[in-house]
Amino acid sequence: MNISYERRISSPVGELHVVASNEAIMGVYLPGHKGAPEIVARDGRNHPLLAEAARQLAEYFTGTRASFSLPLDMQGSDFQREVWRALVEIPFGKTRSYAELARALGRPQAARAVGAANAKNPISIIVPCHRVIAGDGALTGYAGGIAAKQWLLSHEHERREPLVTH
Numbered sequence: 007m008n009i010s011y012e013r014r015i016s017s018p019v020g021e022l023h024v025v026a027s028n029e030a031i032m033g034v035y036l037p038g039h040k041g042a043p044e045i046v047a048r049d050g051r052n053h054p055l056l057a058e059a060a061r062q063l064a065e066y067f068t069g070t071r072a073s074f075s076l077p078l079d080m081q082g083s084d085f086q087r088e089v090w091r092a093l094v095e096i097p098f099g100k101t102r103s104y105a106e107l108a109r110a111l112g113r114p115q116a117a118r119a120v121g122a123a124n125a126k127n128p129i130s131i132i133v134p135c136h137r138v139i140a141g142d143g144a145l146t147g148y149a150g151g152i153a154a155k156q157w158l159l160s161h162e163h164e165r166r167e168p169l170v171t172h
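According to my numbering, the sequence shown is numbered sequentially starting from 7.
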């Protein structure tokens, strides 16, 4: 992975590792994130895009931001990027099943493929893969761990009407 800058950001779900190029956010990884790449990058504490990401994430965690307005560089296959773009459309405080997401993409038989693409999302929280659950409502796999997924969903459920929407 060709990353230029990195920054660690404290959050209620643990220290987030945010990575960016000069132009876009490329990754947000939670502690113990399954499948996270090895990142070799320069210190981005003073990088303006990473500072803006830190600000927006802080607003999200305080309940004053429901969506993000950051440039994103989602590196993956065409299908993965299609799934990730659909994740951003899931409203704050709501969930969708893998099957519902597959149907929304016009691929009703692709629930497992949607799940696999969801698991590879490199931009956690900002691209809200935590909002996808099993058809029976169960919290299934999350690269940042089920406890983090539960916290994020509870946080959003409690703040369905944040003070500011972006």
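No residue lacks a Cβ here, since even glycine has one placed at the ideal position from N, Cα and C.
By the 10 Å Cβ neighbour count, where 16 or more other Cβ atoms means buried, how is residue i classified, buried or exposed?
{"i": "Gly38", "result": "exposed"}
{"i": "Arg174", "result": "Outside the displayed span of the chain (7 to 172) sits residue 174, for which this structure offers no information."}
{"i": "Thr171", "result": "Per-residue confidence for Thr171 stands at a pLDDT of 47, beneath the threshold of 50, marking its modelled position as unreliable; no derived number is given."}
{"i": "His53", "result": "buried"}
{"i": "Lys155", "result": "buried"}
{"i": "Ser17", "result": "buried"}
{"i": "Ile152", "result": "exposed"}
{"i": "Arg91", "result": "exposed"}
{"i": "Arg87", "result": "exposed"}
{"i": "Gly143", "result": "exposed"}
Measuring alpha carbon to alpha carbon, tell me which of the options ends up nearest residue i.
{"i": "Ala60", "options": "Ile132, Arg91, Val120 and Pro97", "result": "Ile132"}
{"i": "Asn127", "options": "Glu29, Val94, Tyr66 and Tyr11", "result": "Val94"}
{"i": "Lys100", "options": "Val138, Ile31, Tyr35 and Gly41", "result": "Val138"}
{"i": "Phe67", "options": "Gly41, Phe98, Ser10 and Ala42", "result": "Phe98"}
How close, in whole Å, do the beta carbons of residue i and residue j come, if the pair is a contact with beta carbons under 8 Å?
{"i": "Ala119", "j": "Gly141", "result": "About 15 Å; that fails the 8 Å criterion."}
For a quick check, are the C-beta atoms of residue i and residue j less than 9 Å apart?
{"i": "Ala64", "j": "Ile129", "result": "no"}
{"i": "Val19", "j": "Trp157", "result": "yes"}
{"i": "His163", "j": "Tyr148", "result": "no"}
{"i": "Tyr11", "j": "Leu76", "result": "no"}
{"i": "Pro35", "j": "Ala26", "result": "One detail in the question is off: residue 35 reads as Tyr in this sequence, not Pro. No, they are not a contact pair."}
Is there contact between the segment 104 to 121 and the segment 63 to 83, where contact requires at least three CB pairs shorter than 8 Å? No: the two stretches stay apart, fewer than three of their Cβ pairs being nearer than 8 Å.
The segment 76 to 94 touching the segment 38 to 49, judged by at least three CB pairs closer than 8 Å: They do not touch, by the three-pair rule.
Between the segment 120 to 127 and the segment 83 to 94, do three or more beta carbon pairs fall short of 8 Å? With a cut-off of 8 Å on Cβ pairs, the segment 120 to 127 is in contact with the segment 83 to 94, counting three or more such pairs.
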